[in-house]
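In my numbering, the protein residues as written are 918 to 1066.
Working notes, beginning with the structure itself.
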């Protein structure tokens, strides 16, 4: 009791990567399951995607370092600038930082899950389900229906 088992850095990296990709998937394909305005979410996704595509098309053969520099310098969206900076930091850092990233993305899922959008979650269940819908169900079962301000 009270002893915290150290997590495996590779498992933290895998968890952080999967959860961050899942959140990107939700923004792109199921914004109705997210707490922000669906149209705003879709528009931000499209704008950021266009910006990233523009940079990556301009330098298709660029190495990692050059891409990070291009992404950091030539973007219109802070989301990609911050993502490039974080990616560079994670690649250059030790594996301990992946635990923080895994926790962060888990907290994002827990933040996004409580919802009054019964129809959206019902539709997701009809399509086979979504992780966020399973979390939504578990939180509702525990009596958590809303995000705290």
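For every residue, glycine included, the Cβ atom is placed at its ideal position computed from N, Cα and C.
Should residue i and residue j be called a contact, given that it needs their Cβ atoms to be closer than 9 angstroms?
i: residue 1038; j: residue 1050; result: yes
i: residue 1041; j: residue 1033; result: no
i: residue 952; j: residue 1031; result: yes
i: residue 940; j: residue 1026; result: yes
Between which two residues does the alpha helix (DSSP H) holding residue i run?
i: residue 1036; result: 1035 to 1043
i: residue 929; result: 926 to 946
i: residue 1030; result: Here residue 1030 belongs to no alpha helix (DSSP H), and DSSP marks it neither H nor E.
i: residue 1051; result: 1048 to 1058
According to the neighbour-count rule (16 or more other Cβ atoms, all chains shown, within 10 Å of its Cβ), is residue i buried or exposed?
i: residue 1053; result: buried
i: residue 933; result: buried
i: residue 957; result: exposed
i: residue 950; result: buried
i: residue 929; result: buried
i: residue 1043; result: exposed
i: residue 975; result: exposed
i: residue 921; result: Only weak support exists for where residue 921 lies, its pLDDT of 46 falling under 50; the value from the coordinates is given anyway. So residue 921 counts as exposed.
Rank the options by C-alpha distance to the C-alpha of residue i and give the top, closest one.
i: residue 1003; options: 1035, 945, 1023 and 937; result: 937
i: residue 944; options: 929, 966 and 1024; result: 966
i: residue 927; options: 1024, 1015 and 1044; result: 1015
i: residue 1065; options: 1029, 1055, 970 and 959; result: 1029
i: residue 1035; options: 963, 1063, 960 and 931; result: 1063
Using a C-beta cutoff of 9 angstroms, does residue i count as contacting chain B?
i: residue 1044; result: In the structure shown, chain B cannot be found, because there is only a single protein chain.
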